[in-house]
Amino acid sequence: MADPLSLDPPVVAVIAAMAAATYLTKIGGLWLLTRVGVSDRVEAALEALPGAIVVAVLGPELAAGGPAEWLAGSVVAVVAWRTGNIFLALVTGVGAVVAFRAVL
Amino acid sequence: MPTTDEQTERNAESTETATAADDAPGAVAFERAGIRAGFVTCLPVALGVAGYGIAFGVLADRAGLSVAEVALMSATVLAGASQIIAVELWADPIPAATVVLAVFAVNLRYSLMGAALRPWFKHLSGSQVYGSLFFMADENWALTMRDLTSGSRRGAFLLGSGLAIWVFWVASSVAGVAVGGVIDDPATFGLDFVLVATFVALAVELWDGASTAIPWAVALVTALVTAQVLSGQWHVIGGGVAAAVVEVVRRG
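As you go down the protein sequences, you meet chains A and B in turn. Reading the first sequence from the start, the letters are residues 2 to 105 in this note's numbering. Reading the second sequence from the start, the letters are residues 43 to 294 in this note's numbering.
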C-alpha cells in the first residue's frame, strides 16, 4: 500500500491542472459571460454537459455488469430519488449488490 | 469602519440607481455575519456532500492515490462530480489531457452559475469576488441565490456556505480513503459497486425532467458505441460532446 503522505510529482501536477481548470470555470462566467453575453443555445449545451458526462461514464459500466448490478443500481436510484439522502442511497446500494450477488 | 463603508456604498448606490437599470438588488455588504449565516445554513447540506466525499475517497484509494494526494485534490479542486470522474479515468500513466478536459467540461456549468451572481457581486471588491468564487459548489450556490434574491444583501454568504462544504468535503474524502484502505478485497463488501452507485445517485440528482431525456439518450448511445470501438476513455468525451451538439441544434 502507498505511503499515505506521499505526493507523487506527476499526480500533484495533474491535480494542479484540475484545480486551475476548475477555478477558471468558476470565475470565467462572471468575468466573461457578463461582457459578451451567452446565447440560449450555448447555455443549454453547458447545462446538459454534467448529466451527459455522468451518463456517458455510467452506461458502459452498467453494460459491463449483470442483473445483480442493474437491480442494485435501481435500488440506489429509488432511494436517492425518494429520500434525497446520498449516503443512505450508497450504503443501501452496496448492501443490495452484495445480497443480489449471493442470490442470483 | 463598517459605518463609513456603508455610507459610501449607499451614496454610490443612490447615484447608480439613477443610471443603471439592472441595479435592483442594491448594494450588498461583505461582513462576518454573512459568512456565519452562510456557514450555519449550509451545515445540513454539507453533511449530504460528505456522502459523496466518502465515496470519492474510496474510489481515489482504489485508483492508487495517497491520503495526502486526495486531501490536496479535494482542498484545491473542490468540485465533487468532476473529482469522482477524474479518479474513474485515473490510470498508470495518468491520461492527463483526458482527465483535465473532462474536469473542465463537467465544471463549465459553473460559468453560468457565477455569472448569475453578478447583480450582487458587482458591488464587491475583486478579492472578495474572486476569493468567494473559489468556494462555489452546486449546493451552496443554490443556497446563496435563494438568500440573495430574498434581499438579504449578505455578499459573504457564498464564502461562508462554501467554507462549510469545503471542510466537510476535505474531511470526508480523507475518511473515504481510510475506509477503502482497511478493506483488502473490495468485491467482498460490494465496494467495487461504489462507483456505479455514486454515478446513479449523481444522475438522479442531475435529472431535470423531460428536457434532460434527449441529451442523456444521445450521450448514452454515443458512449456505448464509442466504448465498443475505442479503448481508453473516449466514450466520456464523446458522450459529452454529442449531447452538447444536440442541445445546440435543438435550441436553434
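The beta-carbon is built from N, C-alpha and C at its ideal position, and this holds for glycine as well. Just so you know, these numbers come straight off a predicted model, no measurement behind them.
Check, Outcome
"Exposure label - B:D180; buried when at least 16 CB within 10 Å", "buried"
"Pick from A:P5, A:L31, A:A65, A:Y24 that is closest to B:T118, judged by C-alpha positions", "A:Y24"
"Inter-stretch contact (C-beta, 8 Å, three-pair minimum) for the segment 85–94 of chain A and the segment 53–67 of chain A", "no"
"Cβ-Cβ distance between A:A49 and B:A286 below 8 Å", "yes"
"contact_flag[the segment 127–139 of chain B, the segment 186–205 of chain B] where n(CB pairs < 8 Å) is 3 or more", "no"
"Inter-residue Cα distance where the pair is B:T240 and B:A97", "7 Å"
"Test: A:P10 CB closer than 8 Å to a CB of chain B", "no"
"Three-way DSSP call (helix, strand, coil) for B:R196 in this model", "strand"
"C-beta atoms of B:V219 and B:V112 nearer than 8 Å", "yes"
"C-alpha distance - B:D65 paired with B:F163, whole-angstrom precision", "Here the model assigns B:D65 a pLDDT of 46, short of 50, so the residue's position is not dependable, and the following value carries that caveat. Cα to Cα, B:D65 sits roughly 11 Å from B:F163."
"Minimum C-alpha distance to B:A71 - residue among B:V87, B:V238, B:L244, B:L190", "B:L190"
"Neighbour-count burial assignment, B:V274, 16 or more Cβ in a 10 Å radius", "According to the sequence provided, residue 274 of chain B is Gly. The question's Val does not apply to it. Its Cβ having fewer than 16 others within 10 Å, B:G274 is exposed."
"Cβ of A:T23 within 8 Å of any chain B Cβ", "yes"
"Selection of the segment 42–53 of chain A by Cβ proximity to chain B, strictly under 8 Å", "R42, V43, E44, A45, A46, L47, E48, A49, L50, P51, G52, A53"
"Close beta carbons around B:L145, own chain, < 6 Å, minus the five adjacent residues each side", "Before going on, a small fix: residue 145 of chain B reads as Val here, not Leu. Within the same chain, B:V145 has close Cβ partners S124, A128."
"Nonlocal neighbours in the same chain, by C-beta distance under 7 Å from A:P5, ignoring five residues either side", "none"
"Rounded Cβ spacing between A:A81 and B:A243 (contact assumed at less than 8 Å)", "4 Å"
"Inter-residue Cα distance where the pair is B:V260 and B:G223", "37 Å"
"Residue from B:L262, B:Q270, B:P257, B:V263 with nearest C-alpha to B:V303", "A query on residue 303 of chain B cannot be resolved here, the shown segment of chain B reaching from 43 to 294 and no further."
"Residues of the segment 57–72 of chain A whose Cβ lies closer than 8 Å to any Cβ of chain B, in chain order", "A57, V58, L59, G60, P61, E62, L63, A64, G66, E70"
"Range covered by the alpha helix (DSSP H) that runs through B:W258", "252–271"
"Coarse secondary structure for A:A97, derived from DSSP in three states", "helix"
"Paired residues, beta bridge with B:A71 - DSSP", "B:R196"
"Exposure of B:A255, with buried meaning 16 or more beta-carbon neighbours within 10 Å", "exposed"
"Below-8 Å beta-carbon distance, B:A66 vs any chain A residue", "For B:A66, the pLDDT reaches just 49, beneath the cut-off of 50, and the residue's location in the model is therefore unreliable, although a value from the coordinates is still provided. Judged by the 8 Å Cβ criterion, B:A66 is not in contact with chain A."
"Local conformation of B:N5 per DSSP, three classes", "With chain B represented from 43 up to 294, any question about residue 5 of chain B goes unanswered, as that position is not in the structure."
"Separation of A:G29 from B:L159, as counted between CA atoms", "12 Å"
"Beta carbon proximity, B:E289 to chain A, threshold 8 Å", "yes"
"Per-residue burial, A:P51 [other beta carbons within 10 Å of its own, 16 or more giving buried]", "buried"
"Own chain partners of B:Y94 with C-beta closer than 6 Å, once the 5 adjacent residues on each side are dropped", "G122"
"C-alpha distance - B:A157 paired with B:L120, whole-angstrom precision", "19 Å"
"Neighbour-count burial assignment, B:V271, 16 or more Cβ in a 10 Å radius", "exposed"
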